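Positions in the sequence shown are counted from 1; adding 752 to them yields the numbering used here. Heads up, the beta-carbon is just placed ideally off N, CA and C, and yes, glycines get one too. Since the model is a prediction, treat every value here as computed from it, not as a measurement. The structure appears below as structure tokens.
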Amino acid sequence: MRTVILLLIFTSQITFSQSIDSIIYNGSWISMEHLLQKYVQIPSISGNEKKAGEFIKSIARENGLSISDFGSENGNYNFAASLFPLSEKKPNIIFLNHIDVVPEIRLDGTDPYSGEIKKDRVLGRGSIDNKGSALMQLYGIIQYLKSESASNDQYNITFLAVSCEETQCAGGINYVLENHLEELNAVAVIGEGPSELTNLLEGKFKNPIFGISVTHKRSLWLNLELEIKTNGHSSVTPIHYSNQEMVCALNNLTSKKNEIIYNALNINILKTLGSQKKGLEKLILKHPRLFKFLLVPQLRKQPELLSLYTNTITLTEISSNNDSYNILPSKTIAHLDCRLLPETDEKEFLSLIKSRLKNDNVKVMVVESMQESDPTSIETIYFKNLAKSIKSYYPTSEILPLLLPNINDLGAFRAKGILAYASTPVSFSRKEVQSIHNQHESISIQLLYDGAQIHFNYIKKMQNN
Ligand SMILES: [Zn+2]
């Protein structure tokens, strides 16, 4: 019995010492949910980050972090808050987050910036993306600073808050990396990314799966132009005219199904999903090449999943600059947003587009082509400890290295060759994920603490390595 009691005292002490404490705000203690409420209440639509940035920076400073400013105006408000001054040049693990939010949607009279705490949730724009996620990082770091940090720690740990991630303006992460990369001395970066995945997928899974994204698809934006001179009046239909030919060419292009391409990362996704299934489903998913003929039709039914296995071509604009019914324009343009899997050769992809259009008169111009970057290795101590921190909090979980169809600020670090892992290591519900960039964004308070605890565990693991 005595052993049991001792064990209980011992474990309760562990639980206590590992729980996330309040931090200081204006001289008194403040919980995560109440700080998030205040942060959400300061609107910070991209390009208007200064007020919210000053708020969160002052809290980081009041709690003992060392501040470095990387721009102090709207659209260029960025700062680092670190365990040690950057001038100490310790190898730096960066927790990246953004101050800006997407514009609110006001449809039913509710205040998107109320920050209201209702039952067990915090409501409002930014409560997840990215203010809630940023506070998970900040509380994890401050908890470490208060309870564990020592001057001989091998790593610096930095909370890096930047402007306009949502619009990718020049004053945000790109400005920081152009002007302060050396000062940051980053060895690895952790930023917003996938959460627990099975909540978001159809069907039943035995155990939770947490995604950590290590790479992203590259965007390739194309401008298509077709010019055909006509007499300009549409009362007599010419044999060839640009609108008609462009529509045919685009139809040739977009009606073709894009090839399913397997690579090490996306094959592993199927296998990991399979490991959490039973029976026939398990057998098929565990052998994706053998059962490709069965998997392909299933993938094609789910665009989100399909995007991880194909180069996508999306027609985002067709225009001929004409509002008259009876005038025939001579030029038609179209815009394509293409997203390429990491291993795709851009030249080959462009010739595929041209051959599919079946019209040599359509000019294809590259407007923007994202730099190639290698997937971040998972054979690093930074990845392994992140996976361990998640697994020690959710012991039955699987960790799945992922490819994301979209890019965020981590891509800028990857392009500089710095290890970058995208993960918001909590178990969001499907409803929560759907609320991001949408109406009624909200987060469960418990998840704030889960995330902070995992970040805290991660920092401890790294420092004690
Ligand atoms: Zn975001």
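For a test of the three-state rule: what should DSSP assign to residue i, helix, strand or coil?
i     : result
F1208 : helix
G1026 : helix
S824  : strand
R877  : coil
N1216 : coil
K981  : coil
R813  : helix
F807  : helix
D1089 : strand
L1042 : coil
T967  : strand
N830  : strand
T1084 : strand
I802  : Sequence inspection shows Lys at residue 802; the Ile mentioned does not correspond to that position. Correct three-state label for K802: helix.
L788  : helix
I1105 : helix
V999  : helix
N1018 : helix
L760  : Below a pLDDT of 50, predicted positions are generally treated as unreliable, and L760, at 36, falls in that range; the measurement from the model is reported next regardless. Three-state result, L760: helix.
Y777  : strand
S994  : helix
L838  : helix
K1110 : coil
F768  : For F768, the pLDDT reaches just 34, beneath the cut-off of 50, and the residue's location in the model is therefore unreliable, although a value from the coordinates is still provided. It is helical.
I1243 : There is no way to answer for residue 1243, as the model of the chain reaches only from 753 to 1217.
N975  : strand
I1036 : helix
For my contact list, residue i and residue j are in at a C-beta cut-off of 8 angstroms; report their separation, rounded to the angstrom.
i     : j     : result
F1208 : G892  : 4 angstroms
E801  : Y829  : 4 angstroms
T1128 : T1024 : T1128 to T1024, Cβ: 18 angstroms. No contact.
I909  : I1211 : 5 angstroms
R1218 : L1057 : Past the boundaries of the shown model lies residue 1218; the chain is included only from 753 to 1217, so the question cannot be answered.
Q889  : N931  : Not quite, the Cβ-Cβ distance comes to about 23 angstroms (not below 8 angstroms), so this is no contact.
I1218 : F831  : Nothing about residue 1218 can be read from this structure; the chain reaches only from 753 to 1217.
L1087 : T1068 : Strictly speaking, residue 1087 in this sequence is His, with Leu absent from that position. Going by Cβ atoms, the distance from H1087 to T1068 rounds to 5 angstroms, so yes, they are a contact pair.
Y907  : K842  : 6 angstroms
S771  : I782  : So it is not a contact: roughly 16 angstroms between Cβ atoms.
L1138 : V1116 : Contact doesn't hold; Cβ gap of about 41 angstroms is too wide.
D852  : I1197 : That belief does not hold up - the Cβ atoms of D852 and I1197 are roughly 23 angstroms apart, past 8 angstroms.
Answer with yes or no whether the minimum CB distance from residue i to chain D is below 8 angstroms.
i     : result
S1103 : Here chain D cannot be found, since the structure has a single protein chain.
* To do: Mind the definition here: the segment 941–948 touches the segment 926–933 only if three or more C-beta pairs lie below 8 angstroms; say whether that holds.
  => The segment 941–948 makes no contact with the segment 926–933: fewer than 3 CB pairs, one atom from each, lie closer than 8 angstroms.
* Give, in chain order, every unbroken run of the alpha helix (DSSP H) that is at least 4 residues long and sits entirely within the segment 1120–1194. => The qualifying runs are 1133–1145, 1162–1167, 1182–1187.
* To do: Starting from the N-terminal side, write out each stretch of the alpha helix (DSSP H) that is 4 residues or longer and does not extend beyond the segment 1049–1081.
  => Unbroken alpha helix (DSSP H) stretches of 4 residues or longer found wholly inside the segment 1049–1081: 1055–1058, given in chain order.
* Go through the segment 932–962 residue by residue and report every complete run of the beta strand (DSSP E) that reaches 3 residues or more, in order. => Taking 3 residues as the minimum length, the beta strand (DSSP E) runs contained wholly in the segment 932–962 are 938–943, in order along the chain.
* To do: Mind the definition here: the segment 862–877 touches the segment 1168–1182 only if three or more C-beta pairs lie below 8 angstroms; say whether that holds.
  => No, because fewer than three Cβ pairs between the segment 862–877 and the segment 1168–1182 fall closer than 8 angstroms, the two stretches do not touch.
* Counting pairs of beta carbons, one from the segment 1021–1038 and one from the segment 1140–1148, are three or more of them closer than 8 angstroms? -> Counting Cβ pairs under 8 angstroms, fewer than three are found: no touch.
* Given 8 angstroms, three or more beta-carbon pairs between the segment 1120–1137 and the segment 993–1004 -> In this structure the segment 1120–1137 does not lie against the segment 993–1004, because fewer than three pairs of beta carbons, one per stretch, are closer than 8 angstroms.
* Pocket of ligand 1 defined by Cβ to heavy atom distance under 6 angstroms -> Matched residues: H850, D881, N882, E917, E944.
* Runs of beta strand (DSSP E) lying entirely within the segment 842–930, each at least 3 residues, in chain order -> The segment 842–930 contains these whole beta strand (DSSP E) runs: 844–850, 873–875, 908–914.
* Asked: Are the segment 912–921 and the segment 817–834 touching, with three or more C-beta to C-beta distances below 8 angstroms?
  -> Segments in contact, yes.
* Are the segment 1196–1207 and the segment 968–978 touching, with three or more C-beta to C-beta distances below 8 angstroms? -> As far as the Cβ criterion goes, the segment 1196–1207 does not touch the segment 968–978, which means the pair count is below three.
* Asked: Does the pairing of the segment 784–791 with the segment 871–890 give three or more beta-carbon distances under 8 angstroms?
  -> Between the segment 784–791 and the segment 871–890 there are three or more C-beta pairs closer than 8 angstroms, enough to call the two in contact.
* Asked: Are there three or more Cβ pairs, one per stretch, closer than 8 angstroms when the segment 1151–1163 is compared with the segment 950–963?
  -> Yes, the segment 1151–1163 touches the segment 950–963.
* To do: May I ask you to verify whether the segment 1073–1087 touches the segment 984–997, counting CB pairs closer than 8 angstroms and requiring at least 3?
  => The answer is yes - the segment 984–997 touches the segment 1073–1087, with three or more Cβ pairs under 8 angstroms.
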